[in-house]
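*Asks:* Structure in structure tokens, see below.
Residue numbers (my numbering): 111 to 229.
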């Protein structure tokens, strides 16, 4: 999503919001690009500890569209891992959600994957 020129997210409606996003969608409202992160394998899920995403819920639509504005600041997310098991490679994927975001694992569209190991 980094500086995609003139792209604007489309909101989910009550009929189109995926079930797993519904609780945060109902809490925040429809004008958010939501972020969800998860472990890619059972070992990661078991060893990653609690995960907190900042900002909670994702990015408000006010950050879009990017039109090369002077002083524009790209939205950024932070993950906090509380209590990951040291010495275990964590394989993670974070996805962003809006009605017009396509997800494709092969082409890494709508998501970012990364690895983390705590010494």
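For every residue, glycine included, the Cβ atom is placed at its ideal position computed from N, Cα and C. As the structure is a prediction and not an experimental result, all values here were calculated from the model.
Whose C-alpha, out of 164, 211, 221, is nearest the C-alpha of residue 121?
*Replies:* Answer by Cα proximity: 211.
*Asks:* Helix or strand or just coil, what does DSSP make of residue 142?
*Replies:* Here residue 142 sits in strand by DSSP.
*Asks:* Under 9 Å between the Cβ atoms of residue 161 and residue 132?
*Replies:* No, they are not a contact pair.
*Asks:* Return the first residue and the last residue of the beta strand (DSSP E) that residue 108 is part of.
*Replies:* The shown model of the chain, from 111 to 229, leaves out residue 108, and the question about it has no answer.
*Asks:* My output table needs one value for residue 127: the three-state DSSP class, helix, strand or coil.
*Replies:* In this structure, residue 127 counts as coil in the three-state DSSP scheme.
*Asks:* Residues in its own chain within less than 7 Å of residue 158 by CB, not counting five upstream and five downstream?
*Replies:* Excluding sequence neighbours, residue 158 sits near 149, 191, 194, 200.
*Asks:* Quick check: residue 228 and residue 198, are their CB atoms within less than 9 Å of each other?
*Replies:* Yes, the Cβ-Cβ distance between residue 228 and residue 198 is below 9 Å.
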